[in-house]
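See structure below.
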Amino acid sequence: MKVGVKLHHHQRSKGPIDTFQIKRSPYSADYRQGCKILQAIRLHNHRPSQACLLHLATFVTRSWEEDSNPDKVDDVYNFMNHLLNTTGMKDKSPHVSLDESIQLYCSRSSPVPTVCPSLTLLFAVRYIERLKQSYGNVKGTNGCSRRLILIAYIMAAKFIHSNLKFIIDTNLPPMKGYATSSLANQQRSPSPAASTLCPDPHLSVSLPVSPPLSPLPSSSSKQQPELTDPTQYHYFHSGKAASPHDDYFRHTNPHHDSQPTKNPSSPSPPSTDDSMPSLSSMCSHFNYRIWRMENEFLHFLNEDLNVPDCLRLIEWAKQVGTVMV
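The UniProt record's numbering puts the sequence shown at residues 1 to 325.
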């Protein structure tokens, strides 16, 4: 007689006892990951350089679009700027410290607006890179780059919010003097980078920087069978709009297609067009569609959203901004 208690996934074993596996949520918090995210926010609490954003936009567009022309690169570049402009916490001010903003962010139930839109975008591109590594030969239809960025950004915001809430005590009074004392300690410290960049002994500044570049498909990756055909999923469908809201990833400017071709090496200034919907409005109008695409994306990532190299990712973003300027 076999003994077992069924929780979620039942795996039949050859022995006398059945084994059972509890399915873990992809947004489950981890203490080490939460500490790394918090440290990354403190190290990179500013907007990425425009050169870095252009590099990310070019990578995503060339990886997934069949025709990655300069107009599409510029469109994705403006969409990234739009996310950074509209998804940050509006209550930030010079009188509110970063720790107070983080504590307020963790006391909320919604991951958007986020306290760290820059880190959220870097996490999102990391997820898109991992998806490309699994399906190196797959290309999408027109507009799939923006759809991928949107869904990956939502997933990254949820993951960061969950991990920060796990380690931040929102019941404690905010430490208003932390910013001043922290700055003074950094000025007295002989080598602040050595004590902040690598809290994990497995991570080292001597390791090569891992930029989000799509690797060439190897022979082993070709032999690995795909779980399913990703081209049948919503990222790669160019939605045929039946209403102005159906094509929810396209710019609604009627003169958009008549604009002259832009050189991606000289991007236009970040778009400030009010006609581009905010992330919250897109989620509210298309909650079910976004929910489906989110679950499909999680399926292709094996429901693993951990970014163990987030500190190196921050350093890479800084280096790209320095080299390309």
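Using N, Cα and C, we set each Cβ at its ideal position, and we do this for glycine too.
As the structure is a computational prediction, the values presented were derived from the model and not from experiment.
For Pro192, the three-state DSSP class (helix, strand or coil): Residue confidence for Pro192 is low, a pLDDT of 36 falling below 50, so the modelled location carries little weight and cannot support an answer.
Limits of the alpha helix (DSSP H) - the one that Tyr31 falls within: 31-43
Supposed contact pair Val73 and Ile149 - C-beta distance, whole angstroms, cut 8 Å: About 13 Å; that fails the 8 Å criterion.
C-beta contact flag for Lys158 and Tyr31 at 9 Å: no
Cβ shell of Glu294 (< 8 Å), same chain only, five flanking positions each side left out: Ile151, Ile154, Met155
Secondary structure of Glu100, DSSP reduced to three states: helix
Status (buried if at least 16 other CB within 10 Å, exposed otherwise) for Tyr127: buried
Three-state secondary structure assigned by DSSP to Glu66: coil
Exposure of Arg147, with buried meaning 16 or more beta-carbon neighbours within 10 Å: buried
Residue-level contact to chain B via CB, Glu315, 9 Å cutoff: No chain B appears in this structure, which consists of one protein chain only.
Residue burial classification, Trp291 (beta-carbon count within 10 angstroms, cutoff 16): exposed
Thr114 - DSSP class collapsed to helix/strand/coil: strand
Own chain partners of Leu301 with C-beta closer than 7 Å, once the 5 adjacent residues on each side are dropped: Tyr127, Arg130, Leu131
Distance CB(Tyr105)-CB(Val115) smaller than 9 Å: yes
Whether Pro308 touches Lys36 by CB criterion (9 Å): yes
Inter-residue Cα distance where the pair is Thr87 and Lys23: 31 Å
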